[in-house]
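Residue 17 is where the sequence shown starts when you use the working numbering, and the numbers rise one by one after that.
Glycine is no exception: its CB is placed at the ideal position from the N, C-alpha and C atoms.
A quick write-up on the structure given underneath.
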Amino acid sequence: MANQKILLPYNFTNYDQKALDFVVRTFVHLKDVEVSLFHTYTPVPEIEMRESPVMDKLKDSLNYLSQRIKEQEAALNVAKHNLLENGFSKNQIRYIFKPRNKDIAGEIIDIALNGHFNLIVINRKPGKITRLFTGSVFNKVASALKDITICLVT
């Protein structure tokens, strides 16, 4: 079991790539580290389809969303392979790809506590005044977790 368990929430942005690069630069030389890539997605609702033009359009939209989820899982695997190519071993890398039941911050908090992670590498997009009023994912995670180090990559 690894001494250092790192949770890396990943949402396929340039900021997430910066966080991934930070993890590579900082932790690749350590052998007693485990990195878990984490992505949570909004599940596609299950709807009973009846034959009608409106339902056909809805079915097309749901199929598109299902395809996007598959593409995101493939992209998370690309991030995993990026870690492998940069020197991490297979047994040091995990990935968690799961449907969302809560808001993103709530999912990160649950995974961090249940997985006994001791470091979360999270990124934050600069700007956007709305975050001042609604609270960013980082603020929610930082205020909810105790005894877990949170590294902010900007």
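Boundaries of the beta strand (DSSP E) in which residue i is found, first to last residue
i    : result
Y111 : I109 to P115
V39  : No beta strand (DSSP E) holds V39; the alpha helix (DSSP H) holding it covers N30 to F43.
Counted within 10 angstroms of its Cβ, other Cβ atoms place residue i as buried (16 or more) or exposed
i    : result
T92  : Looking at the sequence itself, residue 92 is Leu, so the reference to Thr does not match. It counts as buried.
I124 : buried
K117 : Checking the sequence, you will find Asn at residue 117 rather than Lys. The residue is exposed, with fewer than 16 neighbouring Cβ atoms inside 10 Å.
E259 : There is no way to answer for residue 259, as the model of the chain reaches only from 17 to 170.
I63  : exposed
L148 : Bear in mind that a pLDDT of 48 at L148, under 50, signals an unreliable position, so the model cannot answer this.
V153 : buried
A128 : buried
T56  : buried
P25  : buried
D37  : exposed
K96  : buried
Q108 : buried
D32  : buried
N19  : exposed
A121 : buried
Span of the alpha helix (DSSP H) around residue i
i    : result
V10  : The structure shown does not extend to residue 10, since the chain spans only 17 to 170, so no value can be given for it.
E67  : Run containing E67: none; DSSP gives neither H nor E here.
N139 : Premise fails: N139 lies in the beta strand (DSSP E), L135 to N139, not in any alpha helix (DSSP H).
G122 : I120 to N130
N155 : V153 to A160
Beta bridge counterpart(s) of residue i as assigned by DSSP
i   : result
E50 : K21
H55 : F113
Integer-rounded CB distance, given that residue j should sit under 8 Å from residue i
i    : j   : result
V169 : K34 : 5 Å
G131 : S52 : 7 Å
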